[in-house]
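Undergrad:
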Amino acid sequence: MSQFRVSTPSLGYSAASITAALAEFDAHVSQVTAAVNGVVGNSWEGEASEAFSGGWTSWLQSAGMTRAALADIATRLHTAESSYEIVESQLNAQSRTSSIAGGDIRTGSGRSAS
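Here full-length UniProt numbering is used: the first residue of the sequence shown is 1, the next is one more, and so on.
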């Protein structure tokens with residue numbers, strides 16, 4: 001039987017890290033896109049410009065797919081974190097309830113030893 005351990009807070013930290021990386025990625029793509037758009041078709045024309053433009057469009061599509069995959073991973077990590085928090089909270093509540101309902105473990109009865 002396989003076992004694994006999950007640190008609930010690490011799921012949130014990982015999701016936040018990916019989300020921050022996506023924001024940085026978006027900023028870089030925007031900067032480069034502005035530079036490309038300023039050159040391609042303006043100061044740079046011809047076959048090479050058109051070929052580059054086609055490659056650039058393809059790259060943007062691939063970058064978009066990569067971005068979507070990373071965003072999905074971040075969302076799933078956040079969802080997992082929330083799910084684990086709920087389960088942990090329920091287990092803690094059940095544990096407290098069991099301790100109260102079970103009485104004094106030392107005596108094995110519902111009453112404390114006097």
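Glycine included, every Cβ here is placed at the ideal spot set by N, Cα and C.
Predicted, not measured: the structure shown is a model, and the values here were computed from it.
Can you check the region 59-107 for any beta strand (DSSP E) of at least 3 residues that lies completely inside it and give the ranges in chain order?
TA: For the region 59-107, not a single whole beta strand (DSSP E) run of length 3 or above is found.
Undergrad: Based on the DSSP output, what are the partners of Trp-56 in its beta bridges?
TA: Taking the first residue of the sequence shown as 1, we reach residue 56 at position 56. DSSP lists no partner for Trp-56.
Undergrad: Between which two residues does the alpha helix (DSSP H) containing Glu-24 stretch?
TA: As a working note, residue 24 is residue 24 in the sequence shown. Segment 8-39, the alpha helix (DSSP H) holding Glu-24.
Undergrad: Taking a contact to mean a Cβ-Cβ separation below 7 Å, would you say Val-40 touches Ser-49 in this structure?
TA: For the purposes of this step, residue 40 is taken as the residue at position 40 of the sequence shown. For the purposes of this step, residue 49 is taken as the residue at position 49 of the sequence shown. Yes, the Cβ-Cβ distance between Val-40 and Ser-49 is below 7 Å.
Undergrad: Use the C-beta contact count for Glu-81: other C-beta atoms within 10 angstroms, 16 or more gives buried, fewer gives exposed.
TA: Taking the sequence shown and counting its residues from 1, one reaches residue 81 at position 81. Buried, because 16 or more other Cβ atoms sit within 10 Å of the Cβ of Glu-81.
Undergrad: With a cut-off of 8 Å on the beta carbons, I'd call Leu-77 and Ala-21 a contact; round off their distance for me.
TA: Start at 1 with the first residue of the sequence shown, and residue 77 comes out as number 77. Start at 1 with the first residue of the sequence shown, and residue 21 comes out as number 21. About 13 Å separates the two Cβ atoms, so there is no contact after all.
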